[in-house]
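Let me begin by presenting the structure, written as structure tokens, before commenting on it.
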Amino acid sequence: MNGIIGHLVITGGFFCLTTKFYKEPVGERKAELEHFWTDVDTPVVEAAGQDEVDRQQRSMLGKLILVFGALVITMVLIPNILGTHGLPILWRGSAYRGCLLLRSAKATPALNLQTQ
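Printed below as a string of structure tokens:
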């Protein structure tokens, strides 16, 4: 308990004291930061056809994960101790993720989203 209290006092005190020494950026650094925050506020618009590329990537990744999941599931054949019998459930989860990626990679009609 003393360790937790000491940690809170030391790190909390350090945090509070660092605010006393903070200086606003000036000159070139201030311009860089303003440019950065302008970029952060700019909406990202994807190029035409990008959704098809994304779909292809999901499809390929889903297939790779399915193959990986199948190979990992074959590890059930390896003799193991009783405490690790729950692990195949986790392995099946990786194959299930591949199935979900493949399902999401199916071509669907494009949505017409309006930008404001």
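Sequential numbering from 274 applies to the sequence shown in my numbering.
Think of the CB as a built atom: it goes at the ideal place given N, C-alpha and C, for glycine as much as any other residue.
All of these numbers come straight from a predicted model, not from anything done at the bench.
- Cα atoms of residue 339 and residue 322: separation of roughly 26 Å, rounded to the nearest angstrom.
- When secondary structure is reduced to three states using DSSP, residue 274 falls in the coil class, being assigned neither helix nor strand.
- With a beta-carbon spacing of about 12 Å, residue 332 and residue 373 fall beyond the 8 Å limit used to define contacts.
- Distance between residue 315 and residue 298, taken at the CA atoms: about 22 Å.
- In summary, residue 335 is buried, with 16 or more beta-carbon neighbours lying within 10 Å of its beta-carbon over all protein chains present.
- Secondary structure remark: continuous beta strand (DSSP E) runs of at least 3 residues inside the segment 302-379: none found.
- Residue burial annotation: residue 342 is buried, with at least 16 other C-beta atoms found within 10 angstroms of its C-beta.
- DSSP places residue 279 within a helical segment (H, G or I) once states are collapsed to three.
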